[in-house]
Ligand code: CP
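In my numbering, the protein residues as written are 472 to 779.
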């Protein structure tokens, strides 16, 4: 079995079979990660460059760890300490790196479509590690693995995505993936943070009421307010947002069932999630991070094998 695609640019381009293959392979790598020796030789002789033009904690560390566990040679690039600050273009930067014989590029960029641009211009396999407000495919995959692990399946699962849907690449990748795999999705947040035609375009339910949404769902994936991506005032204050859409212990305890709480991180504690929710036994936030390594190992392994 191999992937139908040379790159991982987004979930939108993936077939259902590709998603299943990545999740199954990640489950196998999770077993490898439980062993005393966590390293396998699968990517020996493969050189991967991690190109991060935007800040990251989880994704960057997770990709680096995944590459090391697969025995790849890795090179790390941070835009702020590179010649990009002297005006070098994205294509020149990447071509210079590629002339040093790089096989795969993991890229995060603030511009939507930057990895697609690279994929059209260079021969290496490209993995999108988050592009602007477009997609964050490995986050969508690790979220799916976490839901499957916790609830048994994606098919028929009711998943709410709550918060700043408008500026969230995580929301977009989650929606594409969950809909392809047969889950039901509701997006919930203030009207100004939900794209107007999202229901028709992506086949999701829309709700502006947090309590109703929590009563409906099995899983709540809660998003951060992305102030750095908003160029106008879309809600009155963080305090007011938190009063209407923040999830606290009292609210969870008043539901008639126990739902699963997820968050891609970084969390704004006290805004979208209170600490006694984020750190509770209902929360699988740290399991999501743990699953990130196995999912990224799976993506690297499957793309490297396909491109050999
Ligand atoms: N979830 C996520 O993408 O986190 P980072 O920005 O820290 O990588």
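Think of the CB as a built atom: it goes at the ideal place given N, C-alpha and C, for glycine as much as any other residue.
Using 8 Å for Cβ pairs, my map puts residue 630 next to residue 654. What's the rounded Cβ distance?
Taking the first residue of the chain shown as 1, we reach residue 630 at position 159. Taking the first residue of the chain shown as 1, we reach residue 654 at position 183. The Cβ separation is near 5 Å, so the contact holds.
Can you give me the C-alpha to C-alpha distance between residue 712 and residue 604, rounded to a whole angstrom?
For this step, residue 712 is matched to residue 241 along the chain shown. For this step, residue 604 is matched to residue 133 along the chain shown. Looking at the backbone, the Cα of residue 712 and that of residue 604 are separated by about 21 Å.
Spatial distance of residue 762 from residue 692 (CA atoms):
Numbered from 1 along the chain shown, position 291 holds the residue referred to as residue 762. Numbered from 1 along the chain shown, position 221 holds the residue referred to as residue 692. Straight-line Cα distance between these residues: approximately 15 Å.
If you drop the 5 nearest sequence neighbours on each side, which residues of the same chain put their C-beta closer than 7 Å to that of residue 729?
The sequence position of residue 729 within the chain shown is 258, counting from 1. Excluding positions up to five away in sequence, the list reads 753.
Between the CA atoms of residue 548 and residue 672 - distance to the nearest angstrom
For the purposes of this step, residue 672 is taken as the residue at position 201 of the chain shown. For the purposes of this step, residue 548 is taken as the residue at position 77 of the chain shown. Looking at the two C-alpha atoms, the distance is approximately 36 Å.
May I have the straight-line CA-CA distance separating residue 560 from residue 491, to the nearest angstrom?
For this step, residue 560 is matched to residue 89 along the chain shown. For this step, residue 491 is matched to residue 20 along the chain shown. Straight-line Cα distance between these residues: approximately 37 Å.
Just checking: is the beta-carbon of residue 739 within a distance shorter than 7 Å of some beta-carbon in chain C?
Among the chains of the structure shown, chain C does not appear; only one protein chain is present.
Closer than 6 Å: is that where the CB of residue 581 sits relative to any heavy atom of the ligand CP?
Position 110 of the chain shown, counting from 1, holds the residue named residue 581. For the ligand CP, not one heavy atom lies less than 6 Å from the Cβ of residue 581.
What three-state label does DSSP hand residue 582 in the structure shown?
Within the chain shown, residue 582 is the residue found at index 111, counting from 1. Look at residue 582 here: in three-state DSSP terms it is coil, with no helix or strand label.
Which term fits residue 716, buried or exposed, when burial requires 16 or more other beta carbons within 10 angstroms of its beta carbon?
Within the chain shown, the letter at position 245 stands for residue 716. Counting of Cβ neighbours within 10 angstroms places residue 716 among the buried residues, the total reaching 16 or more.
Which word fits residue 759, buried or exposed, when buried means at least 16 other C-beta atoms lie within 10 angstroms of its C-beta?
Residue mapping note: residue 759 aligns to position 288 of the chain shown, counting from 1. Buried, since its Cβ has 16 or more Cβ neighbours within 10 Å.
With DSSP as the reference, please indicate the residues paired to residue 530 in a beta bridge.
Sequence index remark: in the chain shown, residue 530 carries index 59 (1-based). Per DSSP, none; premise fails for residue 530.
Between 765, 595, 721, 489, which has its C-alpha nearest residue 500's C-alpha?
Locating residue 500 in the chain shown gives position 29, counting from the first residue. With distances taken between Cα atoms, residue 500 lies closest to 765.
Check your reading: residues with Cβ closer than 7 Å to the ligand CP heavy atoms:
The answer, residue by residue, is 526, 527, 528, 529, 530, 531, 601, 607, 610, 641, 735, 736, 737.
Option nearest residue 625 by Cα separation, candidates 683, 529, 593, 613
Within the chain shown, residue 625 is the residue found at index 154, counting from 1. When only C-alpha atoms are compared, the closest one is 613.
Measuring CB to CB, does residue 665 end up less than 7 Å from residue 656?
As a first step, residue 665 must be located in the chain shown, where it is residue number 194. As a first step, residue 656 must be located in the chain shown, where it is residue number 185. By the CB criterion at 7 Å, residue 665 and residue 656 fall outside the cutoff.
Quick one: which unbroken alpha helix (DSSP H) runs of 4-plus residues sit fully inside the region 539-611? Chain order, please.
As for any alpha helix (DSSP H) of minimum length 4 sitting wholly inside the region 539-611, the runs are 561-569, 585-592, ordered along the chain.
Inspect the beta-carbon positions of residue 714 and residue 474 and report whether they are closer than 7 Å.
Residue 714 sits at position 243 when you count from the first residue of the chain shown. Residue 474 sits at position 3 when you count from the first residue of the chain shown. Result no, Cβ atoms of residue 714 and residue 474 do not sit closer than 7 Å.
Restricting to Cα atoms, I'd like to know which of 503, 594, 564 is closest to residue 540.
Walking along the chain shown from the start, residue 540 turns up at place 69. Out of 503, 594, 564, the CA that lies nearest to the CA of residue 540 is found in 503.
What did DSSP end up calling residue 740 once you bin it into helix, strand or coil?
Sequence index remark: in the chain shown, residue 740 carries index 269 (1-based). In the three-state reduction of the DSSP assignment, residue 740 falls in the strand class.
Is residue 567 buried or exposed, if buried means 16 or more other CB atoms sit within 10 Å of its CB?
Residue mapping note: residue 567 aligns to position 96 of the chain shown, counting from 1. Residue 567 sits exposed, since fewer than 16 C-beta atoms from the chains shown fall within 10 Å of its C-beta.
Mapping the DSSP letters down to three states, classify residue 522 as helix, strand or coil.
Against the chain shown, residue 522 aligns to sequence position 51. Note: residue 522 maps to strand in three-state DSSP.
Simplified DSSP assignment, three categories, for residue 517
Here residue 517 corresponds to residue number 46 of the chain shown, with the count starting at 1. Correct three-state label for residue 517: coil.
Could you spell out where the alpha helix (DSSP H) holding residue 748 opens and where it closes?
If you number the chain shown from 1, residue 748 lands on position 277. Note, residue 748: alpha helix (DSSP H), 746-749.
Quick check on this structure: which residue in 632, 644, 583 has the alpha carbon closest to the alpha carbon of residue 734?
Numbered from 1 along the chain shown, position 263 holds the residue referred to as residue 734. Of the listed residues, the one whose Cα sits closest to residue 734 is 632.
8 Å CB neighbourhood of residue 681 in its chain, flanking five on each side removed
Residue mapping note: residue 681 aligns to position 210 of the chain shown, counting from 1. Its chain contains 633, 659, 715, 716, 718, 722 as the residues whose beta carbon lies nearer than 8 Å to that of residue 681, once the 5 sequence neighbours on both sides are disregarded; these appear in chain order.
Starting from residue 503, trace the alpha helix (DSSP H) both ways and give me its first and last residue.
On the chain shown, residue 503 is found 32 positions in, with the first residue counted as 1. In the DSSP assignment, residue 503 falls within the unbroken alpha helix (DSSP H) covering 487-505.
Helix, strand or coil at residue 718 [DSSP, three-state]
Here residue 718 refers to the residue found at position 247 of the chain shown. Strand, per DSSP.
Taking only the alpha-carbon atoms, compute the straight-line gap between residue 543 and residue 777 and give it to the nearest angstrom.
One-based indexing of the chain shown puts residue 543 at position 72. One-based indexing of the chain shown puts residue 777 at position 306. Straight-line Cα distance between these residues: approximately 16 Å.
Is the Cβ-Cβ distance between residue 582 and residue 478 less than 7 Å?
By 1-based counting over the chain shown, the position of residue 582 is 111. By 1-based counting over the chain shown, the position of residue 478 is 7. Result no, Cβ atoms of residue 582 and residue 478 do not sit closer than 7 Å.
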